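Q: For reference, the structure I am asking about is given below.
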């Protein structure tokens, strides 16, 4: 593992929180268009932590989750993982395909829908960051997994050539059709990627 956890100033934390709010707001708009239902969103917190802290913030090593994860390529590189508790992912699927009666654990159609959901949320989030920074950022086709939170993060980390110890977690709360759905957007950057974002936003040395 490379590097050390970046000590962020208050201004840098506020900047990351602001761009994360905008990014997830655009992701919520895209989700609203997909399901033709109003989607409200709040971002209770944004944290930058070492990788060992991530499972705890997701509820524990052995909490069962659904995840869609993409590789981030371009001027900023890393992985982006959208994570939902299994029951919340099922609620999202029910909103996307009302009446379809899909079991998230067994239905191939459900996995395809989750893949599409991950693609929309991740690409919308990255497009917002790219628009705000002028940096080139693209996402690959999402992979979908259902497993324990700790196992999913460990798998993503193990497939990275180099890993920064700075992992950004955007806690996200969606209000969809009367349902409250909690999710996490986890950005696992390669070394220097978070610093590049901050420098481009003018707060690299703030």
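In the numbering used here, the protein residues as written are -6 to 199. Yeah, the Cβ is synthetic: ideal placement off N, Cα and C, and Gly gets one too. In this text, all values refer to a predicted model and were calculated from it rather than measured experimentally.
1) Using 10 angstroms around the beta-carbon of residue 19, count the other beta-carbons present and answer buried if the total reaches 16, otherwise exposed.
2) Between the Cα of residue 29 and those of 169, 160, 2, spot the shortest distance and give me the residue it belongs to.
3) Just curious, the alpha helix (DSSP H) that residue 16 is in, first and last residue?
4) Are there 16 or more other CB atoms within 10 angstroms of the CB of residue 111, so buried, or fewer, so exposed?
5) Kindly indicate which three-state DSSP category residue 43 falls into: helix, strand or coil?
6) Measure from the alpha carbon of residue 150 to the alpha carbon of each residue in 163, 183, 35, 189, then state which is nearest.
7) How about residue 132 and residue 45: are their beta carbons less than 8 Å apart?
8) Could you name the residues of the same chain whose beta carbon sits closer than 8 Å to that of residue 122, not counting the 5 residues immediately before and after it, in chain order?
9) Got a sec? Which residues, its chain only, sit under 6 Å from residue 161 by beta carbon, not counting five neighbours each side?
10) Could you check if residue 201 is buried or exposed, using at least 16 other CB atoms within 10 Å of its CB as the buried criterion?
11) Could you check if residue -6 is buried or exposed, using at least 16 other CB atoms within 10 Å of its CB as the buried criterion?
12) Let me know the secondary structure DSSP gives residue 208 once reduced to three states.
13) Assuming residue 124 is part of the alpha helix (DSSP H), what are its boundary residues?
14) Given that a residue counts as buried once 16 or more other Cβ atoms are within 10 Å of its Cβ, and exposed if not, what is residue 37?
15) Cα separation between residue 211 and residue 142?
16) What residue range is occupied by the uninterrupted beta strand (DSSP E) comprising residue 136?
17) Among 82, 159, 56, which residue has its Cα nearest to the Cα of residue 185?
A: With the given structure in hand:
1) Here the question's residue 19 lines up with position 26 in the chain shown. Looking at its Cβ environment, which holds 16 or more other Cβ atoms inside 10 Å, residue 19 is buried.
2) Locating residue 29 in the chain shown gives position 36, where the first residue counts as 1. Ranking the options by Cα distance to residue 29, first place goes to 169.
3) Counted from its first residue, the chain shown places residue 16 at position 23. Per DSSP, residue 16 belongs to the alpha helix (DSSP H) from 3 to 28.
4) Numbered from its first residue, the chain shown carries residue 111 at position 118. Result: buried.
5) Along the chain shown, read from residue 1 onward, the residue named residue 43 stands at position 50. Residue 43: coil per DSSP, three-state reduction.
6) Locating residue 150 in the chain shown gives position 157, where the first residue counts as 1. The candidate whose alpha carbon is nearest that of residue 150 is 183.
7) Within the chain shown, the letter at position 139 stands for residue 132. Within the chain shown, the letter at position 52 stands for residue 45. Their beta carbons are not under 8 Å apart, which means residue 132 does not touch residue 45 by this criterion.
8) Working through the chain shown from its first residue, we reach residue 122 at position 129. Contacts found: 12, 16, 69, 128, 130, 190.
9) Position 168 of the chain shown, counted from the start, is the residue given in the question as residue 161. Excluding residues within five positions, the ones whose Cβ falls inside 6 Å are 41, 180.
10) With the chain covering only -6 through 199, there is no way to say anything about residue 201.
11) Sequence index remark: in the chain shown, residue -6 carries index 1 (1-based). Caution applies to residue -6, whose pLDDT of 42 falls short of 50 and renders its modelled position unreliable; the value that the coordinates give is listed next. Flag for residue -6 reads exposed.
12) Residue 208 cannot be examined here, being either before or after the span of the chain that is shown, -6 to 199.
13) Position 131 of the chain shown, counting from 1, holds the residue named residue 124. Run containing residue 124: 101 to 126, per the alpha helix (DSSP H) assignment.
14) Working through the chain shown from its first residue, we reach residue 37 at position 44. Exposed.
15) Outside the displayed range of the chain (-6 to 199) lies residue 211, so it cannot be described from this structure.
16) The sequence position of residue 136 within the chain shown is 143, counting from 1. Residue 136 -> beta strand (DSSP E) spans 136 to 141.
17) For the purposes of this step, residue 185 is identified with residue 192 of the chain shown, where counting begins at 1. Comparing Cα positions, the closest option is 159.
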